[in-house]
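Only one structure is covered here, and it is reproduced in the block below.
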Amino acid sequence: METDQQYIHTKIETPGKEAWFMTAVYASPQPQNRSSLWTKLLNIANRTHSPWIVTGDFNEIKDATEKKGGSTIDNRACNRFANWINDSGLIDLGFSGSRFTWKGPLWNGHERVFKRLDRALSNSSWRLLHHEAVVKVLPRTNSDHHPLLITENDGGNLNHNRPFRFELMWTHHPEFDTFLSQTWNNNINNSLLSSLPNIKQELITWNKHIFGNIFKAKRRIMNRLGGIQRCNSYGQNPFLDQLEVNLNKELNEILDKEETFWLQKSREQWIVEGDRNTRFYHTKTIIRRRKNKILKLRNLNGEWIEDDQSLKNHITSFFQNLYKEEVSNCPWVFESITLPNLDPLFCRRMEAPPTVTEIKKALFSIGSTKAPGEDGFPAAFFKHNWNLMKNKIVEFTQTCWAEPTIIKETNATLLALIPKTHHPEFINQFRPIALCNVKYKILAKVIVQRIKPLLNDRISPHQSSFIPGRKIHDNIIIAKEVMHSMRRMRGKKGYMAIKIDFEKAYDRINWNFIQQRLIEFGIPNKLSSIIMEGVRSVNYNVLWNGNKTETFYPTRGIRQGDPLSPYLFVICMDKLSQYIEQGVDEGFWSPFIFRKNGINLSHLMFADDLLLFAEATNEQIENITETMEAFCKVTNLKINTAKSSIVFSKNTDPTTRRNILSQTEFRESKTLGKYLGAMLNNKRKGKENFKTMLERVQGKLKGWKSKCLSIAGRITLAQSVISPSVNFDMQHGKVPKAVCNEIEKLQRNFVWGDTDNKRGLHAVNWKTLCLPKHEGGLGFRKLELMNEAFLLKIIWQLQEQPNTLWAKILLQKYNSSISNSPTTHQITRKSDSDLWKELMKTWPTFLKHAISFIGDGRSTFFWTDNWVEDGGTLENFATHTNLDIHSKVGEWADDNRGWNLTKLSRALPEETVQKIIAQPPPRSNGNEDKRGWKLSEDGDFSIATTYRALANWTTPSKTKWTMIWNWKGPQKAKILIWKLMHDRVFTNQRRSRIFGGSGDCPICENQMESAIHTFRDCAKAATIWNQLIDPNALWDWRNREVHDQGYTRPPNPHREIEKKVKEIREAFDRRMKERIIKQKEERQIKWNPPPQGWITLNTDGSRQNNKAGCGGILRNEDGKWVGGFSYYIGDCTAYRAELWGIDQGLKIAWTLGLKNIIVECDSKAVIATLNSNKNLANHPNALIRNIHNWREKEWNIYFVNIYREGNRCADCLARKSLSLELGLHFWDIPPREVVHILFDDKKGVSLPRIVCS
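Residue numbers (full-length UniProt numbering): 1 to 1253.
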């Protein structure tokens, strides 16, 4: 097809198969010649839409991992090559065999160089066509290069023992629900364990005979459609026209099934409604499968194993030995280290059988499309059929609780092997992830929820993994500060940081030790026996290339993939923390000290990631070694010395370093390197430190993905990669502006199709894309502002959690009183860490948005502090100038009368007084004043609201833009309308402005083709304007007329649009059925009386014309009036008025001696806060703290969110309050305004409301 000095481009044709292209490359050793090669190959890529593979010697590497030995790599050359691959939309097909394909010469005095110069790349079409193709690196013979063998079939496996998998696409079938219901009911007398195998067999039969092969059905329908459209009478034969409609409908159903199939296989967590991105999901699945496929491995002697049976035996033997206990462990008990006994009542609650609510919550917390266990049923199967299966699921879970030995029946586990490196060569370079059955996961998650409340008080503060309220960033911040101090350390006393790597920690831990730790930790015996049965009754099958190996039974280790395992491991590792802390207390361990008489640090833990800190002396390394050996002996853990390292402080002398290293097998390192995903090194802050972050984003936004996705899919993916890839690094430091700009550039390029060699048309500028959707943007975040929001969050946490380990270290290291300082500027020194400097730069912004919530009023200055809602400092509103600026808020109220209205009215205008009295008055016996966040409704910090304020986003409201996004249509049509409203559709008029040439409409003579002309005024468009309109169809027909020779529009365009609209509606109906999107429906809403013996408290808040109030009503199970109230508050937000209503209602209920209260409120945000897992006792908002205090009293309270149609009485009383005098008004009998509503509620009168199902 084409030849060049550096490549040959060919077309491969095989009878009966799809043709494809191959380009064989032999790149020039000269860099200047290779640059022309990349340009030519990119041109081939841009014009080739068929399957294409390019392979050979590229004489270039992508990154440092593709070279060993020799000089430092040329990063620029690597980036050019990587960018060319990305711009061409090519996928690296990987390899099986030797990592390096070229062996360089051996120069005197220099190390031999090895590189991966040879490779195979393909576009997504070739990868899908040859999805089983594999690249094998063959042995070298008489060349310095390894030959590559690209084979279409890897030979398969000996045993095709593939486990059953429930396919989500089955739920698309119209008969599936009926079939499943009938099959389930046929097993009504069987247990869950007996029913599921029967269901599985019935599903296999149903799939074969009823559902069928979707890929064969798709080919059959496509062939029939092709035949119809080639027929001479096409468009004139009513029978063929109707047949085409029916086949298109059937095809759309199959395409939906196909997309669901590949979505489930790809493990992607996002989906674009109304758009099919099947090609993307399919390609992602193929790449993932090829990456995880094991075709050859080296044995312990470094020899390659390729035979299937030998490979299978090698893999099985390795994991049988890994999970096999080697020696009996000696007991390790420290009688001096004990934990306080748990409250007996709490223990009884922990042992009580799980409730239906707990079981349902556990099930619905499991990812719907997470890989299923050995039985093949994912969580989605049980979630979608909860009403049908609820009784058996609950019965099984409760039976396991009562008889733990039954757990064995559901504890068969598959081990999926996930590569830990890009190209693993040894079996220990795979991580075994346990695929547990959902039935077991439900039980494990119930146990986790009961254990979690214990952890924060009983686990050492040095452990931050899986402990509520602690985060991975806590450890990263501490480690950064230690490294900063060690780099600047002077004097005679040196320190060392030891990075410990445990080898297969989860897989080796001793079962007896786990049981002993559960007892020591205080876990009740009943719960402990359930946990240990789950640990001991496991049996494994390794999942090797999709097939199961034979079953084996472990005698040690816990499963990575079991929801309970991380918590068990944390409890076990806490024993080491106890031992280290005991050593510190007894002087056996000399920890790192940040400053004289300050806090010390001996170790940091995040699950099995361990950092040890101590004085750098021979004695200390001996003590540390003794401690670690003792711990490893009892737990059976093993330290990986090859991956463990020691970092010494700057002032540690060389002799001491050598002596310490000689006593260990650890290597010395200048930095900690990568720790918990963050790079900790000695380099100045800059782009190089964030190379890993950039690579993560580039990997997520590869060129082939852009070619496989619709515009809506590209937008969704470009937004979704930021959360995990970038936000992580922003939560523990400042990301340089250049890095933020580079990532935003990657996002823009991906959305609009830019490459290094070609700039796509950016229809809408980046500034507009970063606006919220209701303002005409797409909601992209500006990364610099996101970073600032995260820095503000760190400051917030410093003041909210000053007693946490990381906060203590920061505050003591810099001798700061930031937690209660009102000073606008904080002094920093040149020697401070980068993080602290950035936090202090952000401090003025923090103070600007912070507000004081009054408790006792003793620490807040009345005039100069920001404490009044929706206002600045009061000195700006004073009616006189003689102010006592030292006056505190507590001086303006007393415990008996509340706010001193006379004093307030003399000093401030009435509107300001109204805002003050709407806040709870200070109490001498109240909590301390607390700092809150005025950007959030409840006063607690929120990244979302903070970013909106920093970016000057307006409050969400209904606009012309929201009409687009709320429309139930395909995303690509929404995007087109969005561009049309921005006047950014690429019409001829727009083209002529940019590139010149004619701007006329290709259909209408002498008419400029503007956007409005194309979609409304064009003669072809006008003919159907009064019938139907589909802008996406109009634009598609226009483009095809301009660019496709011989194309004519459909003769009846409005019929085509009707058909398309029908297809869209049917597609959305199917989505609704699967609960992928929420369906809106009309419901009748009414007030529901409480159960017998309970009282319902309905409350509501109201705000009109700068006046706010609240009201509430108490009724029994008969709907009888118990009491009511109206309370005029002053001037505050509706959110605060809602809180006032609940607070006052609970106060009245307690006064009346009521003991069982259901609080109903129509504010979803308020109820979400009150029912959240937040520490409400320490919440900044005084009203929320008051409500929490009410809940802690000796009575039963539940908070429920209801619709306002069922809350009409409370709403009426709240609105009535606005016409009353300040304060509480209690109603013994119903006011006349609510009598008719009471009558309606008692009779069960309902009102209609459109709700999401």
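The beta carbon of each residue, even a glycine, is placed where N, CA and C say it ideally should be.
State buried or exposed for residue 781, treating a residue as buried only when at least 16 other CB atoms are found within 10 Å of its CB. buried
Compute the Euclidean distance between the alpha carbons of residue 395 and residue 838, then round it to the nearest angstrom. 55 Å
Rounded to whole angstroms, what is the Cα-Cα separation between residue 342 and residue 443? 23 Å
Considering only residues of the same chain and omitting the five flanking positions on each side of residue 388, which have a CB-CB separation below 7 Å? 181 and 184
Which residues does DSSP list as the beta-bridge partners of residue 850? 933
What three-state label does DSSP hand residue 1255 in the structure shown? Because residue 1255 is not part of the residues shown, which for the chain are 1 to 1253, the question remains open.
Go ahead and label residue 810 buried or exposed: buried means 16 or more other beta carbons lie within 10 angstroms of its beta carbon, across all protein chains shown. buried
Check this for me: beta carbons of residue 701 and residue 721, under 8 Å apart or not? yes
Which residue marks the beginning of the alpha helix (DSSP H) containing residue 478, and which one marks its end? 472 to 487
Can you give me the C-alpha to C-alpha distance between residue 971 and residue 716, rounded to a whole angstrom? 10 Å
Starting from the N-terminal side, write out each stretch of the alpha helix (DSSP H) that is 4 residues or longer and does not extend beyond the segment 900 to 932. 901 to 907 and 910 to 917
Under 8 Å, do residue 99 and residue 106 count as touching if we go by C-beta distance? no
Since residue 298 and residue 426 should fall inside the 8 Å C-beta cutoff, what is the C-beta to C-beta distance between them, to a whole number of angstroms? 5 Å
Beta-carbon proximity check, residue 163 vs residue 376, cutoff 8 Å: yes
Please say whether residue 1115 and residue 1096 have beta carbons closer to each other than 8 Å? yes
Can you pull the DSSP bridge partners for residue 1109? 1102 and 1128
When the Cα atoms are used, what is the spatial distance from residue 1103 to residue 1187? 21 Å
Nearest CA to the CA of residue 119: which residue from 1183, 134 and 1119? 134
Terminal residues of the continuous beta strand (DSSP E) containing residue 1156? 1156 to 1161
Test item: CB-CB of residue 374 and residue 541 under 8 Å: yes
Could you give the distance in angstroms between the alpha-carbon of residue 764 and the alpha-carbon of residue 940? 36 Å
Beta-carbon separation (whole angstroms), residue 506 vs residue 569, contact threshold 8 Å: 6 Å
Could you check if residue 334 is buried or exposed, using at least 16 other CB atoms within 10 Å of its CB as the buried criterion? Low confidence applies to residue 334: its pLDDT is 49, below 50, so where it sits in the model is not reliable enough to give any reading.
Excluding sequence positions up to five away, which residues of its chain have a Cβ less than 8 Å from the Cβ of residue 478? 601, 604, 805, 806 and 809
Counted within 10 angstroms of its Cβ, other Cβ atoms place residue 216 as buried (16 or more) or exposed: exposed
Using 8 Å as the cut-off, can you tell me whether the segment 909 to 921 makes contact with the segment 1127 to 1135, which would need three or more C-beta pairs spanning the two stretches below that distance? yes
Return the first residue and the last residue of the alpha helix (DSSP H) that residue 571 is part of. 565 to 585
For the 8 Å Cβ check, are there 3 or more pairs between the segment 498 to 505 and the segment 635 to 643? yes
Return the chain-ordered list of same chain residues with a C-beta closer than 7 Å to the C-beta of residue 1192, the five sequence neighbours on each side being excluded. none
Touching by the beta-carbon criterion (3+ pairs, under 8 Å), the segment 546 to 555 and the segment 607 to 614: no
Residue environment, residue 1027, which counts as buried when at least 16 other CB atoms sit within 10 Å: Note that residue 1027 scores 49 on pLDDT, short of 50, meaning its location in the model is unreliable; the coordinates nonetheless yield the value given after this. Residue 1027 should be labelled exposed.
Using a Cβ-Cβ cutoff of less than 7 Å, which residues in the same chain neighbour residue 149 once the five nearest sequence positions on both sides are dropped? 136 and 138
If we call anything under 8 Å between Cβ atoms a contact, is residue 411 one with residue 245? no
Residue 795 and residue 846 look like a contact to me (Cβ under 8 Å); what is the Cβ gap, rounded to whole Å? 5 Å
Going along the chain, which residues of its own chain have a beta-carbon closer than 7 Å to the beta-carbon of residue 873, five neighbours each way excluded? 863, 864, 865 and 866
Continuous alpha helix (DSSP H) stretch holding residue 1188: start and end: 1182 to 1191
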